[in-house]
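For reference, the structure discussed in these notes is given below.
Residue numbers (the working numbering), protein chains in the order written: chain A, 1 to 604; chain B, 605 to 726.
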């Protein structure tokens, strides 16, 4: 078992999915639940074991025992490091949460939901563990196909179908872009193993390498939903079943960033090393635009799931900025930020799902004051909202602190203000929802804006009181989100994991030549005082912002004028989110052209 | 002159691949019918086939089946064929799923025109 352990997080859920698909109509619902839960628990444990074992050196597993000969890879490898295994473990954990939450879901439709979710899990695990770039593409597509089907799961409604179509078409084009890049790389190097490609490329950075880099990066950034590739995300999240949203926002989107980082550090780092400053500037620019647009679009929404979706877009912008630092401190911060954000955002989607279950609506304005009796749920949402602003001791805070201190050394200290801005606006939006729904604050307005599409969603469940299987997963996510930063040694371990992730030379030697693993000494832990103050200020400002919108006060007129101005500026941007597939693809093309043009201009 | 012609022939599959990618995207952007749109997506996909085949092609190479030809004969690269086959299989799944969604769109929203399928916006 030990020898095959690295392959099992993919093999076991796929087998279970096939089994469940075969007996679909003949199996009791609870039995299917149990099997699916057991499978995802197995994946979690296996990935955690892999994570701990790989913290002393990569675990390289060659499918079918095809070891490299004379330093040349001929087989397909899983090259497992703590960050990849950690991502897979987190995906497994969120799948467990989704299964528990959906115990009261989809009573009538057999076990197809379980099948799709398990296939999705297998793909996410494979995506995180693989060391082969074509394998990466195949798992990307398997992940996408399962996600499209999950997104359009409620086929009896029109919204999910349209959301799934937008999602599927944009992401498939992204996959083709990535595949074309892979083809170009293979043409140049004759290799598919990422270590091997990186070794063959060495320092060369001609037009073909840059083109391949842009195509692969943009392909994965479509999944990561950065502006202008982000349009699908809001549509898909607004319509997908709640447990699926947890996975979309919590890990799938982040895996897009993970893939960009993995490909950069294993393949292109050597080739693009002398253009680090330019690469950094381009990705920071894209990230900042994403973070700001996402944040304001988030605040403008009344459809709660769509609001959370835009908040995810804003936070992926922050994650891209963190990657763009191209430094181990920021990369470690990014890993912690993804963990902290995924826990909170997952729980927020669950809270939205509980509203839909309990009150039958997801429209903030329609729900005004309807949640007054739900004290536990209101507390949950308030605590989750605070986490988004990056207040200690949430996981997002620790990640942000590491990213900021790393950025400061690179003379990018101003990005901490972008982090604060995105945190304040997205947290204020969720606080506003909580204030309106649970406390009945804010005016009872029904300004139906023209540019707005669907603001509500059909029920997913039979309704009724909130069962424990819904509330407890959300509570667990919140508590973990709070507890993450207290794990002893977490910062140090993540720092050395990030250093291992970024060490291209050691990666190549370990994968191709069985070289012994290098060990890394993380830098001394820095004081968290300044980030703490920053986090507290951000949270205070988020509370003020939500309060100004909701509560009566003497400056009401001024605030209304101000927010009118913001809406005026935002209006054309909202109109751009037209729900039209052709528009989305046009934006995607333009985005690739701009990013490609920038790289072509800066890198000769 | 011959050399220029040879160079052009060598580049031809890649030029056609690039053209197919772009023309497919144009079709998607301007499409008024979901099935047409999905077929345009298939056109984009064919560009990846051509790219992979072009990458693996060797002038004068035989089929890479070493049953009746001696080992060491110049042959085209079989790896790109395997990649292309995998690509076909994976994308066939996605296209089938997309067509199923198009049928559902017709049933639920009564239209397959992307201009009419815009309830998610803003």
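By construction, the Cβ of each residue, glycine as well, lies at the ideal position given by its N, Cα and C atoms.
With a Cβ-Cβ cutoff of 9 Å, do residue i and residue j count as a contact?
| i | j | result |
| --- | --- | --- |
| residue 20 of chain A | residue 36 of chain A | yes |
| residue 225 of chain A | residue 282 of chain A | no |
| residue 148 of chain A | residue 698 of chain B | yes |
| residue 526 of chain A | residue 436 of chain A | no |
| residue 362 of chain A | residue 304 of chain A | yes |
| residue 703 of chain B | residue 152 of chain A | no |
| residue 131 of chain A | residue 77 of chain A | yes |
| residue 319 of chain A | residue 308 of chain A | no |
| residue 549 of chain A | residue 563 of chain A | yes |
| residue 126 of chain A | residue 137 of chain A | no |
| residue 180 of chain A | residue 625 of chain B | yes |
| residue 510 of chain A | residue 55 of chain A | no |
| residue 726 of chain B | residue 300 of chain A | yes |
| residue 498 of chain A | residue 332 of chain A | yes |
Are there 16 or more other CB atoms within 10 angstroms of the CB of residue i, so buried, or fewer, so exposed?
| i | result |
| --- | --- |
| residue 223 of chain A | buried |
| residue 135 of chain A | buried |
| residue 636 of chain B | exposed |
| residue 417 of chain A | exposed |
| residue 171 of chain A | buried |
| residue 306 of chain A | buried |
| residue 450 of chain A | With a pLDDT of 46 at residue 450 of chain A, under the threshold of 50, the modelled position of that residue is not reliable, and the figure given next carries that caveat. Counting Cβ neighbours within 10 Å, residue 450 of chain A comes out exposed, since fewer than 16 surround it. |
| residue 504 of chain A | buried |
| residue 448 of chain A | Note that residue 448 of chain A scores 47 on pLDDT, short of 50, meaning its location in the model is unreliable; the coordinates nonetheless yield the value given after this. Flag for residue 448 of chain A reads exposed. |
| residue 23 of chain A | exposed |
| residue 280 of chain A | buried |
| residue 302 of chain A | buried |
| residue 574 of chain A | buried |
| residue 193 of chain A | buried |
| residue 578 of chain A | buried |
| residue 3 of chain A | exposed |
| residue 663 of chain B | exposed |
| residue 98 of chain A | buried |
| residue 678 of chain B | exposed |
| residue 661 of chain B | exposed |
| residue 519 of chain A | exposed |
| residue 291 of chain A | buried |
Based on DSSP bridge pairs, tell me the residues matched to residue i.
| i | result |
| --- | --- |
| residue 62 of chain A | A:77 |
| residue 518 of chain A | In the DSSP output, where bridge partners are listed per residue, residue 518 of chain A has none listed. |
| residue 130 of chain A | A:78 |
| residue 363 of chain A | A:303 |
| residue 500 of chain A | Looking at the DSSP assignment, residue 500 of chain A forms no beta bridge with any residue, so it has no partner. |
| residue 679 of chain B | B:666 |
Going by DSSP, what residue range makes up the alpha helix (DSSP H) through residue i?
| i | result |
| --- | --- |
| residue 262 of chain A | 253-263 |
| residue 400 of chain A | 395-409 |
| residue 42 of chain A | 29-53 |
| residue 194 of chain A | 194-201 |
| residue 154 of chain A | That residue, residue 154 of chain A, is in no alpha helix (DSSP H); it is neither H nor E in DSSP. |
| residue 70 of chain A | First-last for residue 70 of chain A: undefined, no H or E at that position. |
| residue 268 of chain A | Residue 268 of chain A -> no alpha helix (DSSP H), and no H or E assigned at all. |
| residue 720 of chain B | Where residue 720 of chain B is concerned, there is no enclosing alpha helix (DSSP H), given that its DSSP letter is neither H nor E. |
| residue 275 of chain A | No alpha helix (DSSP H) contains residue 275 of chain A, which DSSP labels as neither H nor E. |
| residue 419 of chain A | 415-439 |
| residue 370 of chain A | It is not in any alpha helix (DSSP H) - residue 370 of chain A carries neither H nor E in the DSSP assignment. |
| residue 604 of chain A | That residue, residue 604 of chain A, is in no alpha helix (DSSP H); it is neither H nor E in DSSP. |
Determine the chain C residues that contact residue i at a beta-carbon separation under 8 Å, and present them in chain order.
| i | result |
| --- | --- |
| residue 718 of chain B | Absent from the structure: chain C. Protein chains present are A and B. |
Problem - Near-chain B residues of the segment 140-161 of chain A - C-beta to any C-beta below 8 Å - result: Listed in sequence order: 141, 142, 144, 145, 148, 149, 152, 155, 156, 157, 158, 159 and 161.
Practice task
Determine which residues of the segment 208-232 of chain A have a Cβ less than 7 Å from any Cβ of chain B, and write them out in chain order.
Solution key: Cβ contacts with chain B: none found.
Exercise for the section: Would you list, in chain order, the members of the segment 389-414 of chain A that have their beta-carbon closer than 7 Å to a beta-carbon of chain B? Expected result: The residues in question: there are none.
Exercise for the section: Could you name the residues of the segment 577-598 of chain A whose beta carbon sits closer than 7 Å to any beta carbon of chain B, in the order they occur along the chain? Expected result: Taking 7 Å as the Cβ-Cβ cut-off against chain B, the residues of the segment 577-598 of chain A that qualify are 577, 578, 579, 580, 581, 582, 585, 586 and 589.
Practice task
Using a Cβ-Cβ cut-off of less than 7 Å, give me the residues of the segment 177-196 of chain A that come near chain B, in sequence order.
Solution key: Of all residues in the segment 177-196 of chain A, 179, 180, 183, 186 and 187 have a Cβ within less than 7 Å of some Cβ in chain B.
Practice task
Would you list, in chain order, the members of the segment 644-672 of chain B that have their beta-carbon closer than 9 Å to a beta-carbon of chain A?
Solution key: Residues 645, 648, 649, 651, 652, 655, 656, 658, 659 and 660.
Handout entry: Residues within the segment 109-135 of chain A neighbouring chain B, beta-carbon criterion of under 9 Å
Key = Answer in chain order: 134.
Problem - Short-range partners of chain A found in the segment 688-700 of chain B, where Cβ spacing is below 8 Å - result: Listed in sequence order: 690, 691, 694, 695, 697 and 698.
Problem - Short-range partners of chain B found in the segment 231-261 of chain A, where Cβ spacing is below 8 Å - result: Residues 234, 235, 238 and 239.
Problem - Members of the segment 414-438 of chain A that neighbour chain B once the beta carbon cut-off is set at 8 Å - result: Only those residues of the segment 414-438 of chain A whose C-beta falls short of 8 Å from the nearest C-beta of chain B would be listed, and there are none.
Handout entry: Under 8 Å (Cβ pairs) to chain A, residues found in the segment 699-714 of chain B
Key = For the segment 699-714 of chain B, the set of positions with a beta-carbon nearer than 8 Å to some beta-carbon of chain A reads 701, 702, 705, 706, 708, 709, 712 and 713 in chain order.
Problem - Interface positions of the segment 336-350 of chain A facing chain B (Cβ-Cβ less than 9 Å), listed along the chain - result: Of all residues in the segment 336-350 of chain A, none has a Cβ within less than 9 Å of some Cβ in chain B.
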